[in-house]
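With mature numbering (1 follows the signal peptide of the UniProt record, and there is no 0) applied, the sequence shown corresponds to residues -32 to -1, 1 to 130, in that order.
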Amino acid sequence: MAAPSGRRNGGGAASLWPVLLLAAMGLRLAEAVSEPTTVAFDVRPGGVVHSFTQSVGPGDKYTCVFTYASQGGTNEKWQMSLGTSEDHQHFTCTIWRPQGKSYLYFTQFKAEVRGAEIEYGMAYSKAAFERESDVPLKNEEFEVTKTAGVYQWIMDTEPSIA
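This is how it looks when you write it as structure tokens:
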């Protein structure tokens, strides 16, 4: 699986709450995965840029960094889950809100990996719930590079509350 070098494919609504998945070095479902590490953190509104960082693997070989700015509401509990393959050659980083819908609006976000290159990255404006499907961000809203997935706010996009 080649690392995406440009914008991802798909359609969707403006980002109200991103769900991010970064799979570094091509972790495949068939590979054995060690027990994931899940850490809760507060996403704080107010338009100020904040970051949350977590590392996994032997000697904290892999690091996932979530940098964001959001508006509206009050603090929300989010989670970052990191998992490695048994041989510690591959890892995943998922950033999500376990309570589902968020009332915060992200004006920007960036999910970055250190210690590896991204093989696959995806961001959603809405995650699947019951009979609904995931809603990926639009091509022009999300870009995957070798080390980061970046949300790019589009001024003429009207957000829709899900």
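C-beta: ideal position from N, C-alpha, C; glycine also.
Boundaries of the beta strand (DSSP E) in which residue i is found, first to last residue
i    : result
Y71  : Careful: Y71 lies outside any beta strand (DSSP E) and carries neither H nor E.
T6   : 5 to 11
K114 : No beta strand (DSSP E) contains K114, which DSSP labels as neither H nor E.
T21  : 18 to 24
Candidates the options, of which the one nearest residue i by Cα
i    : options              : result
E44  : T52, G83, Y73        : Y73
Q57  : V24, A91, D10        : V24
E98  : P104, E54, G68       : G68
Y92  : F59, S70, D55, G15   : S70
Y36  : L50, G15, Q47, S49   : G15
T21  : L105, T42, S38, T62  : T62
S49  : V17, A8, V112        : A8
R82  : N107, F110, E54, C32 : C32
P4   : R65, A95, T75, Q47   : Q47
D102 : M90, K78, V112       : M90
H18  : P26, D55, Q76        : Q76
Residue i Cβ short of 7 Å to the ligand FAD heavy atom set
i   : result
H58 : Absent from the structure shown: the ligand FAD. Ligands present: none.
Residue j beta carbon less than 8 Å from that of residue i
i   : j   : result
Y30 : T6  : no
P13 : G41 : yes
**Message:** So, does the stretch 83 to 93 touch the stretch 110 to 120, judging by three or more C-beta pairs under 8 Å?
**Reply:** yes
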